[in-house]
Every structure is written in structure tokens, then in C-alpha cells.
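First to last, the protein sequences are chains A and B. For the first sequence, the numbering used here assigns the number 48 to the initial residue and increments by one for each residue that follows. For the second sequence, the numbering used here assigns the number 18 to the initial residue and increments by one for each residue that follows. Glycine included, C-beta positions come from ideal geometry on N, C-alpha and C. No experiment lies behind these values; they were computed from the predicted model shown. To start, the structure under review is shown below, and the notes come after it.
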Amino acid sequence: MKLNSSVTVDEVREALQEASLRTWGKQRTEELSDALDKTARDIATVMQFELAPPSEEPEFPAAWTQPEEQG
Amino acid sequence: MQLHMLTATEATRLIRAGNVSPVEYTQALVDQIKRTEPQLEAWESIDTDAALETAKALEEKQKTKHPTQPLFGIPFGIKDLLHARGFPTCGNFTPWSEKIQTEDSGVAQFLREAGGILVGKQVTTQWGTTDPPQTRNPWDLDRTPGGSSSGGGAAVGARQVPFGIGTQAVGSNNRPAAYCGVMAIKPTFGRISRYGAVGGSWTQGHPGVIARSVADLALVLGILARHDPRDPFSAHQKDEDFVSAVSRPQVPRLAVISDLMDRAEPAVREAAQRAIMRLEDSGAEIHEVQLPVPMETLAATHAIIGAGDRATAHLQLHAEHAEHYRPIIRSQLECGQLIPAPVYLHATRLRRRFRAQMLDMFDGGIDGLIAPTASNLPPDRSSTGDSSFQMPGTMFGFPICSLPTGIGSEGLPHSVQIISRPFEDKALLQYAAWCEQIFDPISIPPNC
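What follows is the structure in C-alpha cells.
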């Protein structure tokens, strides 16, 4: 699937379905149906927000920006 | 005197004064555990003999030297997602049930160094998610104590120990406390070391405290709030005297999160409204705010990040032991593995934006945001209840204190939460101490 703000829940669901079939197989994919539905909705929800590149960076662990511990 | 009814603060005073011995206090709690544990099943692993031995050793020490450690002779429990030397860390996961840990987590280490007596590991849902565990609610044995810190909520609620350490990545520390009629604080993310914590909620989860008084929350947080270089997310923080602070309660300016009030079950909403009215009648300034982002959007963002963190943390274990995972967490992990990396990173960028918007809710001099701790009263044991009301504060690392407000007509405890700005944990406890004076004290559950 193309990840942009116009991706639909159905498109995400289809992509997850294909990925799940390849990864977990048919039976497990059927068992995961509700969970895949929810994950698709969650992905479509967050992807609707456009963020300004290259600002609005993700956060990284604060330790990476702190001096090395001594001793 | 019923010693098991003492809070940690009360017990330390009596022990230091020589009016109660560590062995007497520990024995009283051991007796309470024996009385109530068959019904509650709050403990995953427990060693009361070792606890009493430790109490005896402390008692001997007290004969020659006046105790100065802040938790001298006080038994406690920690959630079975935190390592403790001499105990396995099972995570409610069978393949991990046999391996005895040889090193303490940061939490266990600091509490033991403070004179505390670790009694055992309290039940968690599997890996801290939502598959219901074996533990029961001391207020109604047919209801859940909440989760994932199920054992901590139940054990403290039943007066088996005066405090416990839970963890929270959504609502797992504060919600069990609320459902079991006790208090809790999930402090600012980074306050308490996550060294030796397992579960995989790397960027959203961390330890919290469950206790029966604000003074106890302050006592324990005062011991645990410190930088631990072994935890890469541990905050560099100044020393703060939480214990003295709560002896000076502060009247807060509070803003009611109206979205959460509207979503609460009617009995919960009405109880919270009554509690807030009591605060206002007693002098608190009450305003109203709305979340800057719809709950569904916050929930989706939080879920993507949590799923990515957990799925990654469990890649190897899941590959080896998939059949040992319970249904809900197994589904979450397997779906989590399918989330593309750009989606996860996009969610973390969104979290940063939403966090800034959430901080704006404190504009105009608001000290704390108030709402019910949970949307519902504890349901039956087929679930661990609803954690959604804790999610907004938790996902952004804000400190949250949960306070019981009284017992409802249905015989169950009601609670409210107060959320403060990051690193205003001391002030939050001062507001909580003020509110504690106004709310009804919660008695021991009738089953205990």
C-alpha cells in the first residue's frame, strides 16, 4: 500500500491481509480477522495526518543527546 | 491494633519508635496474606519465610543502631514484570516460570536498600496486556481487579502489603488501584528506573506506585525517583522531598476533561461529578477543558506505537513459543509485526505534536486535569476493564495520580485521576494530599 494521507481503511486492510497470509498463513489470518480490522483502522487514522518534512521529527531516547555517563 | 491496617508511613513511625517490631508487622501481613490469598490469588510467587527472616535480621540490627532507612521493616510486593533477586520473573508466561533471577531490577534494589522487605511478585496479566489473569477483586470476587498490575491492586486493597509497585503503558498501574479502592501514582516518564523491567512497552511504559495514602505514595516515590544510568530512558532529575511536600497540601486549580466525563458510565460520571463538586465547595477552582485531539486518534497513535514496541520486543520469544501466548496479546504481537516501519515512526512524530497540544490544556494557570480514573466500574472477570481514560496522560509521559473518592451504592469504589505537567510530580502529590482530606476514606473490603 502507498502510505499517505489519502490511504483508506480498506486499502490498509487489504495490505495487512496479504501480509498476514504470507506471514501467518490462512488459518491464523482468519483467526486474526478482528485484530487486523482494528490495526487497519489505527493505521488509517494516524496516516490521515500530514506532517511537515523534515521538521516534526520523531522523538529518540533522551540518552542519545546526553553526555556519556562517567564511571 | 490491627497491624495489617497500617499504612507504610504509620508503620515506619511505630517501628522506629520501638512500639512495633519488624517481625510483628511482617507477621501480621503474612497472616493477612494467608487469610485472603486463597480467594484473591494476588501473588505469582511469594516467600513469606524469607520475608520473616529479613524482618528478624532487621530487628537484630535495630537493637544496636537506630534505623534511619525510610522503609525500615516495611514489606512490599512488586509486579511480576520487574526482576527481583531470588524470584522468577514469569510475566504470566509459562516458559519463564522456572528461571530464578540473580539480579534485582532498579526498583527492587532501591526499595530493599531503603530497608523494605520484598515479600514476592504480584500477578500481572501476560506481558502486561489485557488477557485476564487469575486474580480477583477484593471488593467483589466475581469482578476483575483490573490489570495489568492486577496483583498489586488486589494485594494493597486487601491490606496484604501497604504498597506495591506496578507498571503502566496505558492504564495498568492506576486502574487496578481504582478498581480495588486504593491510590496510585504513575509518575512522569523517566522518574522511576525501568532497569530490569520486561514486557516491551519501551517508549510508553514504566513503573508506578500503588498504596493506601498520599503520604505512602510520596514515601515510595521519594526512594525511587532518581536517575539510573542503566535505564536509557531514565531522567536526570533533581532530588525532591516528596514526603515533606505532602505535609503541605495545596489547593489546586483543576480542569475537568469533559470528553472523558461524557464517555464514562453513568454511575462513574455521577460519582466523579459529586467528588469534583466537593472539591469546589472546599475551595478548589474548577474549570473545563476538552482534549485537543479526538480520543480515537490518540488511541490509534498510542496503539501503533505500543504494538510496534511490543512486537519487536517479543520477536524471538514469539518465534519460539507462540503457543504459550494468550489470545489477545498473541493477536497484538502478530498484527504488530505487520505494521510498516514508516507507520510506526509517523505515529511517534504525531505523538510529539499531540503532546505539545496536550500541554496547552494547562494554559491559564491550570494545575491539574481531572477525570474519572476509568470509564467504568470493575466488570466481571472476562476482561480487565477499560484502560482508555489513562491513555492520554500515559502516552505523553505526564504524571497521573489516582484517588478513591468513596464507595458507591453498588458497593464498589469510585476514583478520580489528576494529571499534571511533566516533572510536577511533587506539586501533584500536594494537590492529591489536599483532595485526600476531602474524599471519603475507603475501608477494608468486606471480603478481607
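Kindly identify the DSSP beta-bridge partner or partners of residue i.
i: B:C418; result: B:I202, B:I435
i: B:K73; result: B:K73 pairs with nothing; no bridge assigned.
i: B:A272; result: B:H304, B:L386
i: B:T184; result: B:P224
i: B:L99; result: B:A214
i: B:L135; result: B:F93
i: B:G6; result: What the structure shows of chain B is the stretch from 18 to 465, and residue 6 of chain B is not part of that stretch, so it cannot be assessed.
i: B:A242; result: B:I209
i: B:R160; result: B:D397
i: B:S62; result: B:K138
i: B:I117; result: B:P105
i: B:N154; result: B:D157
Taking the beta carbon of residue i as the centre, do at least 16 other beta carbons fall within 10 Å, making it buried, or is it exposed?
i: B:I117; result: exposed
i: B:G169; result: buried
i: B:Q454; result: exposed
i: A:A99; result: exposed
i: B:D258; result: exposed
i: A:M94; result: buried
i: B:V279; result: Correcting the residue type first, residue 279 of chain B is Asp in the shown sequence and not Val. Flag for B:D279 reads exposed.
i: A:L68; result: exposed
i: B:L355; result: buried
i: A:K73; result: exposed
i: B:D233; result: buried
i: B:K443; result: buried
i: B:D384; result: buried
i: B:A25; result: buried
i: B:S251; result: buried
i: B:H223; result: buried
i: B:G181; result: buried
i: B:R366; result: buried
i: B:Q349; result: buried
i: B:P458; result: exposed
i: B:D248; result: buried
i: A:D81; result: exposed
i: B:M18; result: exposed
i: B:P344; result: exposed
i: B:H331; result: buried
i: A:D89; result: buried
i: A:E116; result: The predicted position of A:E116 is uncertain, since its pLDDT is 49 and thus under 50; a value taken from the coordinates is nonetheless stated next. By the neighbour-count rule (16 or more Cβ atoms within 10 Å), A:E116 is not buried but exposed.
Going by Cα to Cα distance, which pick from the options is closest to residue i?
i: B:E287; options: B:T422, B:N36, B:Q374; result: B:T422
i: B:G163; options: B:V140, B:Q143, B:R192; result: B:R192
i: B:P87; options: B:A186, B:W144, B:V237; result: B:V237
i: B:S437; options: B:D380, B:D403, B:P155, B:W219; result: B:D380
i: B:S122; options: B:F89, B:G183, B:Q151, B:T111; result: B:G183
i: B:Q447; options: B:H21, B:S432, B:E340, B:P416; result: B:P416
i: B:M412; options: B:G323, B:A328, B:A330; result: B:G323
i: B:L429; options: B:A364, B:D159, B:A336; result: B:D159
i: A:E65; options: A:E106, A:T92, A:A87, A:A91; result: A:A87
i: B:S114; options: B:I91, B:K138, B:Q126; result: B:K138
i: B:S460; options: B:R52, B:L271, B:G425; result: B:G425
i: B:N154; options: B:S404, B:S400, B:V187, B:G108; result: B:S400
i: B:D276; options: B:V136, B:A388, B:S432, B:L376; result: B:A388
i: B:T152; options: B:T53, B:I91, B:H331, B:P84; result: B:T53
i: B:M375; options: B:A194, B:L308, B:L362; result: B:L308
i: B:H363; options: B:I321, B:A391, B:H331; result: B:I321
i: B:W451; options: B:P463, B:R129, B:R369, B:E302; result: B:E302
i: B:G207; options: B:P463, B:H304, B:E441; result: B:E441
i: B:G414; options: B:L46, B:T220, B:V124, B:R291; result: B:T220
i: B:V306; options: B:E27, B:T318, B:L271; result: B:L271
- request: Evaluate contact between the segment 197 to 204 of chain B and the segment 299 to 313 of chain B, counting only Cβ atoms and requiring at least three cross-stretch pairs below 8 Å.
  value: no
message: Does the segment 399 to 410 of chain B come into contact with the segment 251 to 271 of chain B, if we say contact requires no fewer than three beta-carbon pairs (one atom in each stretch) closer than 8 Å?
response: no
message: Below 8 Å, how does it come out for the segment 137 to 151 of chain B and the segment 90 to 106 of chain B: are there three or more Cβ pairs, yes or no?
response: By the Cβ rule, the segment 137 to 151 of chain B counts as touching the segment 90 to 106 of chain B, because three or more pairs are nearer than 8 Å.
- request: Mind the definition here: the segment 221 to 229 of chain B touches the segment 171 to 188 of chain B only if three or more C-beta pairs lie below 8 Å; say whether that holds.
  value: yes
message: I'd like to know if the segment 386 to 401 of chain B and the segment 239 to 256 of chain B are in contact, where contact means that at least 3 CB-CB pairs between them fall below 8 Å.
response: The segment 386 to 401 of chain B is not in contact with the segment 239 to 256 of chain B.
message: Any contact between the segment 347 to 354 of chain B and the segment 207 to 216 of chain B? By contact I mean 3 or more CB pairs, one from each, below 8 Å.
response: In short, these stretches do not touch, since the Cβ pair count stays below three.
- prompt: Taking Cβ-Cβ distances below 8 Å as the criterion, which residues of the segment 360 to 384 of chain B are in contact with chain A?
  reply: V360, L362, H363, A364, T365, R366, L367, R368, R369, R370
Three-pair Cβ contact test at 8 Å for the segment 100 to 118 of chain B versus the segment 69 to 83 of chain B: no
task: Could you list the residues in the segment 89 to 106 of chain A with a C-beta less than 8 Å from some C-beta on chain B, going in chain order?
output: The residues in question are D89, I90, T92, V93, M94, F96, L98, E103, E104, P105, E106.
- request: Check distances from the C-beta atoms of the segment 61 to 77 of chain A to those of chain B and list, in chain order, the residues that come in under 9 Å.
  value: Answer in chain order: A62, L63, A66, S67, T70, W71, R75.
- prompt: So, do the segment 295 to 311 of chain B and the segment 323 to 334 of chain B have three or more beta carbon pairs nearer to each other than 8 Å?
  reply: no
- prompt: Should the segment 54 to 62 of chain B be regarded as contacting the segment 30 to 44 of chain B, the criterion being three or more beta carbon pairs within less than 8 Å?
  reply: Taking a cut-off of 8 Å on C-beta distances, the segment 54 to 62 of chain B does not touch the segment 30 to 44 of chain B, as fewer than three cross pairs fall below it.
query: In chain order, what residues of the segment 302 to 320 of chain B put their CB closer than 7 Å to some CB of chain A?
result: E313, T314, A317, T318, A320
message: Any C-beta of chain A within less than 8 Å: which residues of the segment 340 to 351 of chain B qualify?
response: Here the close residues are S348, Q349, E351.
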